[in-house]
Amino acid sequence: IGLFSVLFIAFFYLKDSKLLQDNLMVLIPDDKEPRLKKSLHTIKLLLSRYFGGLVLQISILFVIYTAVLLIFGIQNPVVIAFLCALLNLIPYIGPVIGAFLMALLTMTSNLGADFSSVILPKTIYVMIGFTIGQLVDNFFSQPFIFSNSVKSHPLEIFLIIIIGGLLFGITGMIIAVPGYTVIKVILKEFFAENKIVKSLTKNL
């Protein structure tokens with residue numbers, strides 16, 4: 011629910027950002043309007059890149075998982091691959107759930123076959139394929155998304171996601187990166203002279 015709520019809110023923000031901007035302009039002094047407009051423009055740009063990156067991330071995993079499942083003759087490969095790729099949107103916990111789900115569905119799709127000669131080997135091979143997908147995601151997709159979309163260092167992102175998870179659970183982990191991006195943009199625009207803000211926002 012948290013995941014789809016975040017995606018729903020983000021979609022309508024990106025779609026109707028002009029409406030949000032007009033409403034906010036009423037609440038702030040006239041001399042602050044140019045800064046707010048610039049902040050909202052930057053936020054929209056970065057979040058658009060971020061969510062576009064997530065679509066790319068899911069697509070890459072989906073293709074890898076589907077190929078692996080098809081190679082080993084697992085039933086409903088497209089559905090399983092899509093679910094496991096989508097779960098990857100939940101930082102750290104999602105891939106673990108996805109691995110368990112893929113292993114379980116691989117085993118159940120071969121019910122009736124010999125465990126030691128069919129079910130176990132197929133499950134091991136599928137898990138190797140899953141691991142390859144995760145390696146591609148961790149060393150290519152995620153660094154690309156974070157460095158080129160939200161302009162944040164991977165260590166920064168790791169800490170922010172952990173803090174978000176501790177404060178607000180899974181929903182906090184999901185909204186941590188876009189939320190942190192919004193905060194960074196606002197801080198840079200309105201508190202640019204602060205040394206800490208300068209350090210955190212130097213790449214924006």
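One gets the numbering used here by counting positions in the sequence shown from 1 and adding 10 to each. Every residue gets a Cβ at the ideal spot worked out from N, C-alpha and C, and that includes glycine.
Using three-state DSSP, classify E199 as helix, strand or coil.
Reading the sequence shown from its first residue, position 189 is the one you call residue 199. E199: helix per DSSP, three-state reduction.
Collapsed DSSP secondary structure at K212 in the structure displayed
If you number the sequence shown from 1, residue 212 lands on position 202. Three-state DSSP puts K212 in coil, outside helix and strand.
Measuring CA to CA, which of V195, L111, P101 and T181 is closest to V160?
Here the question's residue 160 lines up with position 150 in the sequence shown. Per the Cα distances, V195.
If we require 3 or more residues per run, which beta strand (DSSP E) segments fall completely within the segment 139 to 163?
none
For the alpha helix (DSSP H) holding Y102, just list the boundary residues, first then last.
Counted from its first residue, the sequence shown places residue 102 at position 92. Careful: Y102 lies outside any alpha helix (DSSP H) and carries neither H nor E.
Are the beta-carbon atoms of I171 and V187 separated by less than 8 Å?
In the sequence shown, the residue the question calls residue 171 occupies position 161. In the sequence shown, the residue the question calls residue 187 occupies position 177. The answer is yes: Cβ separation under 8 Å.
Apart from the five residues just before and just after F82, which ones in its own chain have a Cβ nearer than 7 Å to its Cβ?
For the purposes of this step, residue 82 is taken as the residue at position 72 of the sequence shown. Contacts found: K132, Y135 and V136.
Helix, strand or coil, according to DSSP, for S119 in the structure here?
One-based indexing of the sequence shown puts residue 119 at position 109. Of the three classes helix, strand and coil, the one that applies to S119 here is coil, per DSSP.
Three-pair Cβ contact test at 8 Å for the segment 166 to 183 versus the segment 95 to 106
yes
Residue range of the alpha helix (DSSP H) that V78 falls in?
For this step, residue 78 is matched to residue 68 along the sequence shown. Run containing V78: E43 to I81, per the alpha helix (DSSP H) assignment.
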